[in-house]
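Asks: Sharing a structure, written as structure tokens. Questions coming.
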Amino acid sequence: MVLLCSLALYKPLHIVVGVDASIRNDSNGIVAVTKQGDRIVLVRNQKWQPSKKNPIDFEASLERYIRELNDQFTIKACYYDPYQFHRSAMTLAKDHIKMVEYPQTLDRLTQMSQNLYDLIIGRNLLLYPDKEVKAHAQKAIATETPGGWRIVKKQTSHKIDLIITLAIACQGAVNMKTGQREWIRTDVPDLLGENEENEDGWENVSGLH
Numbered sequence: 031m032v033l034l035c036s037l038a039l040y041k042p043l044h045i046v047v048g049v050d051a052s053i054r055n056d057s058n059g060i061v062a063v064t065k066q067g068d069r070i071v072l073v074r075n076q077k078w079q080p081s082k083k084n085p086i087d088f089e090a091s092l093e094r095y096i097r098e099l100n101d102q103f104t105i106k107a108c109y110y111d112p113y114q115f116h117r118s119a120m121t122l123a124k125d126h127i128k129m130v131e132y133p134q135t136l137d138r139l140t141q142m143s144q145n146l147y148d149l150i151i152g153r154n155l156l157l158y159p160d161k162e163v164k165a166h167a168q169k170a171i172a173t174e175t176p177g178g179w180r181i182v183k184k185q186t187s188h189k190i191d192l193i194i195t196l197a198i199a200c201q202g203a204v205n206m207k208t209g210q211r212e213w214i215r216t217d218v219p220d221l222l223g224e225n226e227e228n229e230d231g232w233e234n235v236s237g238l239h
């Protein structure tokens, strides 16, 4: 069942956040998910695209967005790669946001990719319609390695940061306790139309290919 809710009902919702940060060139992504029974549900996502001439200001973008998420929901954990996000993570931790280091090593990339693959095959990943997420999903493929499936780009120029970030968040969420039922975004109140129990407005990621 999908329940529409007001912002006032958001704070009890427990979420896990994934962060993929880069100062220049690569896009930056933040994805928030929650766990509903055996399902992982996309709650929010945001992308930023810096350039060589206009590097990203983490404080004004990613840090601010994470604080907004923490105001609206209860962040159980925020997973990040410390390579370029260490200072920001330390700053956010001072605001009592639980920051968890998640270096994107080969073994962890394989682990989170395999977990995302398992969620997709089991039809246990539910996404709201989003053009950016869909575009990144269509540019990502799974390649089999001795340790399991790993997410890679179809072409080196492709951007798949939101899918990588989704995989990070899902990896953190699989072990969290089942949260509250109120998880629809207030910025899309007509997402389900008149039937609040109709999940057709949401997409299983396997339908994005």
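Residues in the sequence shown are numbered consecutively from 31, following my numbering.
Quick reminder that beta carbons are idealized off the backbone N, C-alpha and C, glycines included.
Who are the Cβ neighbours of R97 in its own chain at under 8 Å, not counting the five residues just before and after it?
Replies: Within the same chain, R97 has close Cβ partners L122, D125, I127.
Asks: Tell whether a beta-carbon distance below 9 Å holds between F115 and A51.
Replies: In contact: F115 and A51 (Cβ atoms closer than 9 Å).
Asks: Between which two residues does the beta strand (DSSP E) carrying R69 extend?
Replies: Run containing R69: 69-78, per the beta strand (DSSP E) assignment.
Asks: Within 10 angstroms of its Cβ, does Y113 collect 16 or more other Cβ (buried), or is it exposed?
Replies: By the neighbour-count rule (16 or more Cβ atoms within 10 Å), Y113 is not buried but exposed.
Asks: Would the beta-carbon of G178 fall within 9 Å of that of Y132?
Replies: Cβ distance not < 9 Å, so G178 and Y132 don't count as in contact.
Asks: Please report the straight-line C-alpha distance between K77 and H44, rounded to a whole angstrom.
Replies: Between K77 and H44, the C-alpha separation is close to 22 Å.
Asks: Can you say whether G48 is buried or exposed, counting buried as having 16 or more other CB atoms within 10 angstroms of its CB?
Replies: Burial call: buried.
Asks: Could you give the distance in angstroms between the alpha-carbon of K169 and the alpha-carbon of H188?
Replies: For K169 and H188, the distance between alpha carbons rounds to 6 Å.
Asks: Within 10 angstroms of the Cβ of I86, are there 16 or more other Cβ atoms? Answer buried if so, exposed if not.
Replies: Burial call: buried.
Asks: Whole angstroms is fine: what's the gap from L149's alpha carbon to Q66's?
Replies: Going from the Cα of L149 to the Cα of Q66 covers about 13 Å.
Asks: Give the DSSP bridge partners of T135, in chain order.
Replies: In DSSP, T135 forms no bridge with anything.
Asks: Once DSSP output is grouped into helix, strand and coil, what is the label at H188?
Replies: In the structure shown, H188 sits in coil (DSSP, three-state: anything other than H, G, I, E or B).
Asks: How should L196 be labelled, buried or exposed, when 16 other C-beta atoms within 10 angstroms of its C-beta is the threshold for buried?
Replies: It counts as buried.
Asks: Tell me the DSSP secondary structure of H44 in three-state form.
Replies: Of the three classes helix, strand and coil, the one that applies to H44 here is strand, per DSSP.
Asks: Out of K164, A167, A165, K183, point me to the one whose CA is closest to T173's CA.
Replies: The shortest Cα separation from T173 among K164, A167, A165, K183 belongs to K183.
Asks: What did DSSP end up calling M142 once you bin it into helix, strand or coil?
Replies: M142: helix per DSSP, three-state reduction.
Asks: Since L192 contacts L72 with CB under 8 Å, what's their CB separation in whole angstroms?
Replies: Not confirmed; about 10 Å, so no contact.
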